[in-house]
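Following: one structure in C-alpha cells, then a few remarks.
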Amino acid sequence: MSAVKRNRPKRAKSSDSTYTVMDFVRDYPDDSTCLDYLWRRLYSEDGKTAPCPKCERLRRFHRVKSRPSYSCDTCGHHVHPTAGTIFHKSSTSLHLWFHAVFLMAQTRCGISAKQLERELGVTYKTAWRMFHQIRSMLSPDSDSGLGGTVEMDDTYIGGRRTGQPGRPGRGDPRKAAVFGMAERGADGRSGRIVAKHVPDARAASLMPHVSERVLPASTVYTDEMHSYKRLEGMGYQHDRVRHSEKIYVMGDVHVNNGRGILGACSKADWPASTTVSRQSTCSPISMSTASGTTTGTPRAGCFR
Ligand SMILES: [Zn+2]
C-alpha cells in the first residue's frame, strides 16, 4: 500500500461491513459532533432552525457554549437534545456513549459489559449501566437490570412427583429448575422480576444470570443455599434468611416476594409444558408485576 493510501484508508469492496471504525472516527470525532447529531436527528433537520415551544413558531437556534444545549435566538429558550434519551444527565461523555453504541451495534455475537469496561476505560458499574441501557434501546424485548433490593429463589416446575407425595424439590432431576430474581418495589413488595430456566441450582448455573441481570452493589436476599455464597465476592451486599432455623423473616430480610412469584409460576398459570422447555438452553422469561403475584402472560425472549 502506498503512503498516500495508507493515510486515507477505504473499506474494501469485498468487506460486508457497511460502517467501519474509520467511518465512526470520522463522523463522531468529539462530544460536540455527537450532540449535533442528536440535535439534527430529534429537533432540527437543517441544524439551524427548529420549532420553539415558547415562541410557538419556527425559530433560528444557536449552540450554547457552556451547556450541552441549543438556545432560541429570539426568546432564549433552551433545548437539550439529550432530554428523554438514555444519555440524559449522565456524567459519562456523549462521545463514550456513542462509541459504546457503535461497539454494541457492530458486533454480531454480542459484547459483554466487561468488554465495554475495557474498551471505554470506565468503571465496571458504569459499563454495566451503559450496556443495559443501550441494549434496552436496541432490543424492544429486553429491559434494564434489577437494582436496589433484590430477592432470589429457585423452584422446580413439573407438577406432582409420580409415586411420591408433595411437589418436586431442589435437586430433582426430572423437573425443570427455575431461578427467580425479584426487585423489591418502593412499597416493599416486588417490582420487576426475571425468571430463568436453569439446568440446576449450582452456583455455576445461577451466578452468570445474577451478574447479567442485577446491578453491582445491590442488596441481595436469599435463603441459605450454598450456591449463593459467591454473591459477596461478586460485589453484592448479601443477607440470608435462615430457613433451617425456621426463620422466614428478619426485619427487611426475606425472600417472600421471590418465593411467592415462583410459587405462582409453578402452579396453574404457568404450565411447564408451554413456557419452560427442558430442552431449551436459552429460555429466560421476564415479566413485570405491579404487585407480589404474577399478572399477565410471561414473555419469552432471549437475553443471551
Ligand atoms: Zn423562542
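Numbering (our numbering), first residue to last: 62 to 365. Heads up, the beta-carbon is just placed ideally off N, CA and C, and yes, glycines get one too.
Within this structure, are the beta carbons of residue i and residue j separated by less than 7 Å?
i, j, result
"Phe240", "Leu207", "no"
"His139", "Ser130", "yes"
"Thr110", "Leu96", "no"
"Ala188", "Ala166", "no"
"Cys116", "Thr94", "no"
"Arg245", "Thr210", "yes"
Apart from the five residues on each side of it in sequence, which residues of its chain come closer than 7 Å, Cβ to Cβ, to residue i?
i, result
"Phe163", "Phe85"
"Leu199", "Met165, Ala166"
"Ala264", "Ser288, Arg291"
Tell me which residues share the same chain as residue i and place their Cβ nearer than 6 Å to its Cβ, disregarding the 5 neighbours each side in the sequence.
i, result
"Leu157", "Leu181"
"Thr168", "none"
For a test of the three-state rule: what should DSSP assign to residue i, helix, strand or coil?
i, result
"Pro112", "strand"
"Lys150", "coil"
"Lys71", "coil"
"Arg211", "First, the residue type needs correcting, since residue 211 is Val and not Arg in the sequence shown. The answer is strand: DSSP assigns Val211 an E or B state."
"Thr283", "strand"
"Ala256", "strand"
"Val302", "coil"
"Thr216", "strand"
"Ser130", "strand"
"Val125", "strand"
"Arg263", "coil"
"Ala174", "helix"
"Asp77", "coil"
"Ala243", "strand"
"Ala144", "coil"
CA-CA distance, residue i and residue j?
i, j, result
"Gly108", "Trp100", "7 Å"
"Pro90", "Gln298", "40 Å"
"Arg253", "Ala243", "6 Å"
"Arg87", "Ala161", "16 Å"
"Val259", "Ala237", "8 Å"
"Ser272", "Pro142", "32 Å"
"His193", "Leu177", "11 Å"
"Pro112", "Asp92", "24 Å"
"Thr146", "Leu103", "10 Å"
"Thr153", "Lys186", "12 Å"
"Ile172", "Gly294", "23 Å"
"Ser132", "His270", "45 Å"
"Leu276", "Gly296", "10 Å"
"Ser288", "Arg303", "15 Å"
"Gly137", "Leu292", "52 Å"
"Met83", "Val125", "29 Å"
"Arg67", "Lys290", "54 Å"
"Ala262", "Ile218", "13 Å"
"Arg121", "Pro114", "12 Å"
"Cys170", "Asp284", "35 Å"
"Ser9", "Arg69", "Since the first residue shown for the chain is 62 and the last is 365, residue 9 is missing from the structure and cannot be characterised."
"Val183", "Lys74", "35 Å"
"Thr280", "Ser105", "44 Å"
"Arg414", "Met286", "With the chain covering 62 to 365 only, the question about residue 414 has no answer from this structure."
"Lys150", "Ser78", "33 Å"
"His123", "Met191", "29 Å"
Using C-beta distances below 8 Å, list every residue in its chain close to residue i, excluding the 5 sequence neighbours before and after it, in chain order.
i, result
"Phe148", "Leu99, Leu155, Trp158"
"Arg274", "Gly206, Leu207, Met242, Val255, Phe364"
"Thr81", "Arg72"
"Ala278", "Lys186, Gly296, Tyr297, Gln298"
Checklist entry - ligand 1: which residues have Cβ under 6 Å from any of its heavy atoms, chain order? => result Cys113, Lys115, Cys116, Arg120, Cys133, Thr135, Cys136, His138
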